[in-house]
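Residue numbers (my numbering): 1 to 127.
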């Protein structure tokens, strides 16, 4: 499984997010905190997980807090890069939502969408 961490500016409404993905595949809201989307392109899942902040060092959490005052952590799991790109491109989230790929990249969702449009592999690079 591949994954990145997302930091939302507020608690995401996964039922609303599921609606945004309805045209690209089947959506399964497994719980109020977990959504799975599957299609011919693969699958991805969004899971709210407040414990993820413990995965970051004090320095990293301070950097995140400067960008998002009270982040709500979630994990985006995905089967392949096409699935990750779809999840990010269609995610109804504020432009300030952050994405950490665990390879040195911490960018806003708006910046990651730009990387996707430019054909840059953002999932495993420190771009």
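No residue lacks a Cβ here, since even glycine has one placed at the ideal position from N, Cα and C.
For residue i: DSSP bridge partner residues
| i | result |
| --- | --- |
| residue 48 | 74 |
| residue 99 | 6 and 107 |
| residue 31 | 34 |
6 Å CB neighbourhood of residue i in its chain, flanking five on each side removed
| i | result |
| --- | --- |
| residue 32 | none |
| residue 112 | 88, 99 and 122 |
| residue 77 | 1, 3 and 45 |
Residue i in three-state terms, based on DSSP
| i | result |
| --- | --- |
| residue 81 | helix |
| residue 57 | coil |
| residue 126 | coil |
Own chain residues within Cβ distance below 7 Å of residue i, not counting five before or after
| i | result |
| --- | --- |
| residue 127 | 105, 115 and 120 |
Residues near residue i by beta carbon distance below 8 Å, same chain, minus five either side
| i | result |
| --- | --- |
| residue 41 | 24, 25, 80, 82, 83 and 86 |
| residue 20 | 90, 91 and 92 |
Assumed close pair residue i, residue j - CB separation to whole angstroms, cut-off 8 Å
| i | j | result |
| --- | --- | --- |
| residue 27 | residue 96 | So it is not a contact: roughly 25 Å between Cβ atoms. |
| residue 49 | residue 73 | 6 Å |
Burial state of residue i, where buried means 16 or more other Cβ atoms lie within 10 Å
| i | result |
| --- | --- |
| residue 14 | buried |
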